[in-house]
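J.: Same order as they appear, the protein sequences are chains A and C.
Each residue of the first sequence is one higher than the last, beginning at 1 in our numbering.
Each residue of the second sequence is one higher than the last, beginning at 1001 in our numbering.
All residues carry an ideal CB built from backbone N, CA and C; glycine is no exception.
Protein chains: 2
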Amino acid sequence: MFEFNITARNQRARTGIFTTPHGDLITPVFAPVGTQATVKTLTPEHLKAINASLVLSNTYHLYLRPGDDLVRDMGGLHKFMQWHRPLLTDSGGFQVFSLARTRKIDDDGVTFKSHIDGSTHRFTPETSIAIQENLGADIIMAFDECSDPNDHAYSRLAMERTHRWAERSLKAKTRPDQALFGIVQGGVLADLRAESAEFSASLDTPGIAIGGLSVGETKEEMHTTLDVVMPLLPENKPRYLMGVGTPEDLIHGVGRGVDIFDCVLPTRLARHHAAFAPEGRLNLMNATFARDERPVDPLCDCYTCMTFTRAYIRHLIVAKELLAGTLISIHNLRALIRLMEEIRGYIAEGIFDEKAPLLLKQWSNNAKRLVHG
Amino acid sequence: MFEFNITARNQRARTGIFTTPHGDLITPVFAPVGTQATVKTLTPEHLKAINASLVLSNTYHLYLRPGDDLVRDMGGLHKFMQWHRPLLTDSGGFQVFSLARTRKIDDDGVTFKSHIDGSTHRFTPETSIAIQENLGADIIMAFDECSDPNDHAYSRLAMERTHRWAERSLKAKTRPDQALFGIVQGGVLADLRAESAEFSASLDTPGIAIGGLSVGETKEEMHTTLDVVMPLLPENKPRYLMGVGTPEDLIHGVGRGVDIFDCVLPTRLARHHAAFAPEGRLNLMNATFARDERPVDPLCDCYTCMTFTRAYIRHLIVAKELLAGTLISIHNLRALIRLMEEIRGYIAEGIFDEKAPLLLKQWSNNAKRLVHG
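1) Shortest alpha-carbon distance to A:W83 belongs to which of C:T1307, C:E1293, C:L1232 and C:E1235?
2) Decide yes or no for the touch test of the region 283-301 of chain A against the region 69-77 of chain A: beta carbon pairs closer than 8 Å, at least 3 of them.
3) Is the beta carbon of C:G1325 sitting closer than 9 Å to the one on A:L316?
4) I need the DSSP call for A:A153, collapsed to helix, strand or coil.
5) Taking the C-alpha atoms as reference points, what is the distance between A:R239 and A:G207?
6) Examine the ligand NAD and report whether any of its heavy atoms sits within less than 8 Å of the Cβ of A:D90.
7) Extract the residue ranges of the beta strand (DSSP E) inside the region 1116-1165 of chain C, only unbroken runs of 3 or more that lie entirely within it.
8) Check this for me: beta carbons of A:F374 and A:D259, under 9 Å apart or not?
9) List the residues that DSSP assigns as beta-bridge partners of C:S1057.
10) Give the range of the beta strand (DSSP E) segment to which A:K113 is assigned.
11) Is it a yes or a no for the region 1097-1114 of chain C touching the region 1021-1040 of chain C, going by three-plus beta-carbon pairs under 8 Å?
12) Give the secondary structure of C:N1332 by DSSP, where H, G and I count as helix, E and B as strand, and everything else as coil.
13) Straight-line CA distance for C:N1366 to C:L1360?
14) Considering only their Cβ atoms, is the gap separating C:A1201 from C:L1233 smaller than 9 Å?
15) Distance, Cα to Cα, A:L25 vs A:E160?
16) State whether the region 1326-1336 of chain C contacts the region 106-120 of chain A, with contact taken as three or more CB pairs (one from each stretch) at a distance under 8 Å.
17) Could you say if the region 1187-1198 of chain C and the region 1170-1178 of chain C meet the contact criterion of at least three C-beta pairs nearer than 8 Å?
18) Assign A:M1 to one of two classes, buried (16 or more other C-beta atoms within 10 Å of its C-beta) or exposed (fewer than that).
19) Please give the ranges of any beta strand (DSSP E) in the region 1218-1245 of chain C, keeping only runs that are unbroken, at least 3 residues long and fully inside the region.
20) For the 8 Å Cβ check, are there 3 or more pairs between the region 45-60 of chain A and the region 279-295 of chain A?
21) What is the DSSP secondary structure of C:R1310, counted as helix, strand or coil?
22) Say whether chain A places a C-beta atom closer than 9 Å to the C-beta of C:Q1132.
23) Report buried or exposed for C:E1145, applying the criterion of at least 16 other Cβ atoms within 10 angstroms of its Cβ.
24) For a cutoff of 9 Å on Cβ pairs, would you count C:A998 as touching chain A?
25) Could you give the first and the last residue of the continuous beta strand (DSSP E) run that contains C:D1262?
26) Determine whether the Cβ of C:M1001 lies closer than 9 Å to any Cβ atom of chain A.
27) Out of C:I1050, C:V1055 and C:L1241, which one is the CA nearest neighbour of C:H1078?
28) Would you mind sorting C:Y1346 into buried or exposed? The rule is 16 or more other CB atoms within 10 Å of its CB.
29) Can you check whether the C-beta of C:M1285 is within less than 9 Å of a C-beta belonging to chain A?
30) I need the DSSP call for C:T1205, collapsed to helix, strand or coil.
31) Is A:K361 helix, strand or coil by DSSP?
32) With 9 Å as the C-beta to C-beta threshold (strictly closer), list the residues of the region 1069-1090 of chain C near chain A in chain order.
33) Evaluate A:G212 with the Cβ neighbour count: other Cβ atoms within 10 Å of its Cβ, from every protein chain shown; 16 or more gives buried, anything less gives exposed.
34) One question on the structure: do C:I1105 and C:T1020 come within less than 9 Å of each other, judged by their Cβ atoms?
35) Leaving aside the five residues before and after A:T41 along the sequence, list all residues of the same chain whose C-beta is less than 6 Å from its C-beta, in chain order.
36) Chain C partners of A:Y312, CB-CB under 8 Å?
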């Protein structure tokens, strides 16, 4: 049911097709994040129009609200949110560690209090898989512990627990129409990462995720970690770099052999009025744009750029009209999805290694927000 | 440039075609309100999909933000908001009286403080027309004073001022591609309304508006007022009942010969989670709908009803996802636009007078919000 066929290679970068019950994923792919069964402010029609193929949703959030049993009873997550292309759910682990209150971790699982109402809950590898089976995404994740990358002493403990939990997750899984990915952890310590990559490679899973990056380490540590991990992973399985990232991170990741990415960045920036643009990341609320008749990006093919001026979007922001967030979200997501389309083209032509430095340069001015246009 | 041809009649109700520079309006028509150059949370594509033909925007708001000179410099309101079908702007009068602070009215105009930043501004018939010419809507309004319907003593004063201001508005107007409508005022006093209707009918305008209703009078007073006013207006000009209204108001209005309506009700209800439904106005946040797999209205053809369940929309509301407002706005607007389509069909068939009581009965349970489904 889950096949991965590599269609082109260029050094360590590759394009491929990952077959899922809801259609083929052409990789490398960037997945918009739909935390609460919706990519914030967008309809599924908007997502189809920007050529989104994979959407991520968060197990922790959906378990708490509306409840995974409700989603199951409503026909599963695809039907509930009316996204009939591939879906991915995380294990809930990361959110428990980053969002929930007063959590207590033991070898069996994690007890935590909901960030919504303070109620007490418990996740174990078995409950995480049961919840993800209720949700019914095409790609699901083993329950893991993501440790602070700067707490080296704790990294081994968290990694070993992640390995034991991966085995329990795999054992708990019952649905044949879901691909369970194990997760490589180990902080930023090369020996732990190597050990975790080898362990994850040994599991019988259709794909492998790399967790614990973009969580506080330096860019160099992220790259070094990927350089250690990627060569140890099997060629014939898709690799998913969780929660990453910026345009530069995507380019670096693809160059190191990553196939799947997700990140809240494009939609989160949109809610803060920031848009990807050729001259850099723009703060569209700035008065500079009050009479700017250009689209956000004159070369972009999204609905926002094909239709509206910066002046209009700036007006919506100043007038506190929610449509601003919708329009910038459409553009920012399309910008990253277009970047992936461009990258796939370069890999297919065998010129990604030549083009990567140019792409990095082109996107480097989007690393931080520009106040002026 | 502005022609109005009546295509069918049924008692006092009629269907017609009003020709504008941005296309024909098929009447009777309901106009969604896009106060700040956007129908809240919707794209122009959403509006086209629900068959919206006329959109109203507010002169007071656009004058303050982003400024009518800016809109003019950006190519006018149609281009700015990318709505290429007919647009209507009000005169700003009503908003000055209902929103602005510490206003001072004299015979020449109104001085007021902005509700946004307290800055002082002045509207006169001449400035209102100049602003509306900068905005460039197809249908524009004479500057008027809407008096409290319960302040009978003041109603004559306000009406007479409205008449003088209508003459000045007409004189100030320069653009041939805009249709200026005079406004019938007079509170709820039959003699004043008759006088105002006759005055408005005497002006050389392509259409006539009826103002000062749905502002605090009783339903019976609204109907009585329309019964006085409508027979005094010329048959061959479209009549626009400003700021009205509820589904019942639309049915009553059409029955009395109204051609154009606008109201914030459908989008305002949507922001408060209320949706028009066959069983009545639903509060979709209610727990009753948590597992309700039906669309909001099983007979509705809008994107929301064709795609999503009540359970999903309820989840979005509870999870504070803005998409809820978008989806309910689409449905509520489509519900009133469909009602107008249905009404036009009945008029064309000559059975509106038979069907009106049934329509009123069908919509009567939408008059107030139901807590339970």
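T.: Taking the definition as stated:
1) Taking only the C-alpha atoms, the option nearest A:W83 is C:T1307.
2) Contact check between the region 283-301 of chain A and the region 69-77 of chain A: fewer than three CB pairs, one atom from each, fall below 8 Å, which does not count as touching.
3) Contact flag unset, no.
4) Helix at A:A153.
5) Each residue's alpha carbon lies about 6 Å from the other.
6) Ligands displayed in this structure: none; no statement on the ligand NAD is therefore possible.
7) For the region 1116-1165 of chain C, whole beta strand (DSSP E) runs of length 3 or above, ordered along the chain, are 1120-1123 and 1139-1141.
8) Since the first residue of chain A shown is 1 and the last is 373, residue 374 of chain A is not available in this structure.
9) Paired residues: C:T1089.
10) Looking at the DSSP string, the run of the beta strand (DSSP E) that includes A:K113 is V110 to K113.
11) These segments do not touch.
12) Reduced to three states, the DSSP call for C:N1332 is helix.
13) C:N1366 and C:L1360 have their C-alpha atoms some 10 Å from each other.
14) Yes, they are a contact pair.
15) One C-alpha to the other measures close to 31 Å.
16) Cβ pair count under 8 Å is below three, so no.
17) The region 1187-1198 of chain C is not in contact with the region 1170-1178 of chain C.
18) With fewer than 16 other Cβ atoms within 10 Å, it is exposed.
19) Entirely contained in the region 1218-1245 of chain C, the beta strand (DSSP E) runs reaching 3 residues are, in chain order, 1239-1241.
20) Counting Cβ pairs under 8 Å, fewer than three are found: no touch.
21) Here C:R1310 sits in helix by DSSP.
22) Cβ-Cβ to chain A under 9 Å: no for C:Q1132.
23) A buried status is given to C:E1145, since no fewer than 16 other beta-carbon atoms sit within 10 Å of its beta-carbon.
24) In the structure as shown, chain C starts at 1001 and stops at 1373, and residue 998 of chain C therefore has no counterpart that could be examined.
25) Counting along the chain, the beta strand (DSSP E) containing C:D1262 begins and ends at I1260 to D1262.
26) No, C:M1001 lies away from the interface with chain A (no Cβ there is under 9 Å from its Cβ).
27) Across the set C:I1050, C:V1055 and C:L1241, the C-alpha of C:V1055 shows the shortest separation from the C-alpha of C:H1078.
28) C:Y1346 should be labelled buried.
29) C:M1285 does not count as touching chain A.
30) Note: C:T1205 maps to coil in three-state DSSP.
31) In the structure shown, A:K361 sits in a helix (DSSP, three-state: H, G or I).
32) Per Cβ criterion, the list reads L1070, V1071, D1073, M1074, G1075, K1079, F1080, M1081 and Q1082.
33) Around the CB of A:G212, 16 or more other CB atoms lie within 10 Å, so the residue is classed as buried.
34) Their beta carbons are not under 9 Å apart, which means C:I1105 does not touch C:T1020 by this criterion.
35) The answer, listed in chain order, is G325, T326 and S329.
36) Ordered by position in chain C, the residues that pass the 8 Å Cβ test against A:Y312 are A1037, M1074, F1080, M1081 and Q1082.
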